[in-house]
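All remarks here apply to the structure that follows.
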Amino acid sequence: METGLYIVATPIGNLGDMSSRAVEVLSGVDLIAAEDTRHSQRLLQHYSIDNPLMAYHDHSDQRAQQRIESTLAQGGSVALISDAGTPLISDPGYRLVRDMQSMGYAVRPVPGPSAVIAALSVCGLPTDSFRFEGFLPAKAGTRANQLQDLQSEHATLVFYEAPHRIVATLAAMSEVFGPDREVVLAREITKTFETVRRGTLEQLLTFVANDANQQKGEIVLVVAGKPRGEVELDEATQRLLRRLAQELPAKKASAIVADCTGLKKKDLYNYLLSVKGD
1 METGLYIVAT
11 PIGNLGDMSS
21 RAVEVLSGVD
31 LIAAEDTRHS
41 QRLLQHYSID
51 NPLMAYHDHS
61 DQRAQQRIES
71 TLAQGGSVAL
81 ISDAGTPLIS
91 DPGYRLVRDM
101 QSMGYAVRPV
111 PGPSAVIAAL
121 SVCGLPTDSF
131 RFEGFLPAKA
141 GTRANQLQDL
151 QSEHATLVFY
161 EAPHRIVATL
171 AAMSEVFGPD
181 REVVLAREIT
191 KTFETVRRGT
201 LEQLLTFVAN
211 DANQQKGEIV
221 LVVAGKPRGE
231 VELDEATQRL
241 LRRLAQELPA
251 KKASAIVADC
261 TGLKKKDLYN
271 YLLSVKGD
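The UniProt record's numbering puts the sequence shown at residues 1 to 278.
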């Protein structure tokens, strides 16, 4: 095995997705750095891999990285794996990669499963341009603010979400993006109880809220971007519309702003519907 740090993708559920190269690399390296050694030990045992194993995650101290550096300095090889999927995709490790590259060591990818790419491949939404946002903030206010920043994004949006927050997140998305925005729920991908379901945010919120089984496991949400034909409103116009809509019906608020700005009343009204879910 050549000296270097190997970034090895592992299955996200189905062990049959482990590549032969991944098994070969993990069997041949001098040290395996895993996000959770207890979780990864089961995978390694399945493939009869008993190489030295250590923990490496966001809370690891300097000694963990020093052990990796020492192995490479002695001409050895190290593999980095996460709990599942491709390391560094919403996982720890980018600082390690940067540091090892800065020291002149080769960093080699061993590609394979990724929940993001798997969800995109079956979502039935445009994938020529997408934006991966990872996990949204847990606090409702901060989450709403981040979604508001994404409200006008044209690219398809991809999120991870924890099962205990999925209902709240779909509700927040419906409020900000509008209940008619398309979304795909990809849950437990490659596992026994896999779910891939597309609908509007309103439909998916009802589906998930009424089925406790859909509030379990690993979840990816793929949300359609804002249609490019929709009008773009500047921040001042958006603020004025939202403020008037607090005091007046949406149609009346839209008519007043249209009269003042020359913008089309229909476009202003559609904007209010998308942010209020009226």
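Ideal placement from N, C-alpha and C gives every residue a C-beta, glycine not left out. Nothing here was measured: the structure is a model prediction, and the numbers come from that model.
Can you have a look at residue i and say buried or exposed, based on whether 16 or more other CB atoms are within 10 angstroms of its CB?
| i | result |
| --- | --- |
| Cys260 | exposed |
| Leu201 | buried |
| Met103 | exposed |
| Arg239 | exposed |
| Thr142 | exposed |
| Thr71 | buried |
| Arg187 | buried |
| Lys139 | exposed |
| Leu244 | buried |
| Arg38 | exposed |
| Pro249 | exposed |
Using a Cβ-Cβ cutoff of less than 6 Å, which residues in the same chain neighbour residue i once the five nearest sequence positions on both sides are dropped?
| i | result |
| --- | --- |
| Ser274 | Gly178 |
| Val223 | Leu157 and Val183 |
| Val176 | Leu147, Gln148 and Gln151 |
| Val122 | Val196 |
| Met18 | Pro11 |
| Ile7 | Leu80, Pro87 and Pro109 |
| Asp83 | Glu35, Asp36 and His39 |
Three-state secondary structure (DSSP) at residue i?
| i | result |
| --- | --- |
| Glu194 | coil |
| Ile256 | helix |
| Ile7 | strand |
| Asp278 | Caution applies to Asp278, whose pLDDT of 45 falls short of 50 and renders its modelled position unreliable; the model cannot decide the point. |
| Asp234 | coil |
| Arg228 | coil |
| Leu72 | helix |
| Lys251 | helix |
| Leu273 | helix |
| Met1 | coil |
| Lys264 | coil |
| Met18 | coil |
| Ile12 | coil |
Using a Cβ-Cβ cut-off of 7 Å (strictly less than) and excluding sequence neighbours within five positions of residue i, which residues of its own chain qualify?
| i | result |
| --- | --- |
| Gly262 | none |
| Thr127 | Leu120 and Thr156 |
| Ala171 | Leu205 |
| Ser174 | Leu201, Glu202, Leu205 and Gly277 |
Rounded C-beta distance between residue i and residue j? I'm assuming under 8 Å.
| i | j | result |
| --- | --- | --- |
| Ile32 | Leu53 | 5 Å |
| Tyr47 | Val23 | 5 Å |
| Glu35 | Pro92 | 7 Å |
| Ile68 | Leu96 | 7 Å |
| Phe207 | Gln215 | Their Cβ separation, rounded to whole angstroms, is 11 Å, which puts Phe207 and Gln215 out of contact at 8 Å. |
Only counting the same chain, and skipping five residues up and downstream in sequence, which positions put a Cβ closer than 8 Å to that of residue i?
| i | result |
| --- | --- |
| Gly124 | Val184 and Arg198 |
| Gly76 | Thr3, Val29, Asp30 and Leu31 |
| residue 280 | Since the first residue shown for the chain is 1 and the last is 278, residue 280 is missing from the structure and cannot be characterised. |
| Phe135 | Ser90, Phe159, Tyr160, Glu161 and Ala162 |
| Arg228 | His154 |
Looking at the C-beta of residue i, does it have a partner C-beta in chain B at a distance below 8 Å?
| i | result |
| --- | --- |
| Pro111 | Protein chain content of the structure displayed is limited to a single chain, and chain B is not contained in it. |
Inset, instruction - Scan the segment 76 to 104 and note each continuous alpha helix (DSSP H) run of 4 residues or more that stays entirely inside, going in chain order. - result: 94 to 102
Inset, instruction - Within the segment 27 to 70, note down every full beta strand (DSSP E) run reaching 3 residues or more, in order along the chain. - result: 31 to 34 and 53 to 55
Legend entry - 4-residue-minimum alpha helix (DSSP H) runs that sit fully inside the segment 175 to 223, ordered along the chain: 201 to 209
Legend entry - Ranges of the alpha helix (DSSP H) found wholly within the segment 97 to 162, counting only runs of at least 4: 115 to 122 and 140 to 150
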